[in-house]
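This report concerns only the one structure given below.
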Amino acid sequence: MKEKYAFVMMIKDKYWREFYNLNREGRKELSYVQHGDRAPPKNAAVLLFYVTKPVGEIAGYAEFIERKFGNAESLWNDHGNESAFKSKGQFEAFIGDEKKVSLIRFKNLQEAAKPIHLNNLLMILGKERLPRRGFYLNKETTDKLLALMV
């Protein structure tokens, strides 16, 4: 699978719920914070949100805007209001001693009408387990998953 059309991002339930709430409040652009520069994706058209245990399902999707990497303070000042953190203190507690962070920016968050459970996802992908850091999908596979979620 060479084409990198979509990225399946692993996300904790508490952050998924916060993004969902921010979206319902009218926030159009949102940012997921990750430590350091290791955070994929670097390029994709679509993000799929796999909510980790105990939920274990693809719960929604969004349009990928960009991944930004840089000084934590500067990125907080520019995009902190897009994050799942309610305050700068929460952000600082999350990043700890990290001076640099990555933001995965996205828009048009959609909750799946029919979330895809882990067992079904593994069967569709022909895999035994999912990579912990997420993974890319081609357009054909992405379209199949999106069709199952609506």
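Per this note's numbering, the sequence shown runs over residues 4 to 153.
Ideal Cβ positions, reconstructed from N, Cα and C, are used throughout, including at glycine.
All values reported here derive from a predicted model rather than from experimental measurement.
query	result
Rounded to whole angstroms, what's the CA-CA distance from Asp81 to Gln37? Just pull it up for me.	16 Å
Going by beta-carbon coordinates alone, are Phe109 and Phe67 separated by less than 7 Å?	yes
For Ala65, which residues from the same chain have a beta carbon less than 8 Å from its beta carbon, with the 5 sequence-adjacent residues on both sides left out?	Leu33, Val49, Leu50, Phe52, Phe109, Lys110, Asn111, Leu112 and Gln113
Taking the beta strand (DSSP E) that Ser90 belongs to, which residues open and close that run?	Element bounds for Ser90: n/a, residue is neither H nor E.
Please state whether DSSP places Lys15 in a helix, a strand or coil.	coil
Relative to the alpha-carbon of Pro57, which residue among Ile127, Asn84, Met13 and Trp79 has its alpha-carbon at the smallest distance?	Met13
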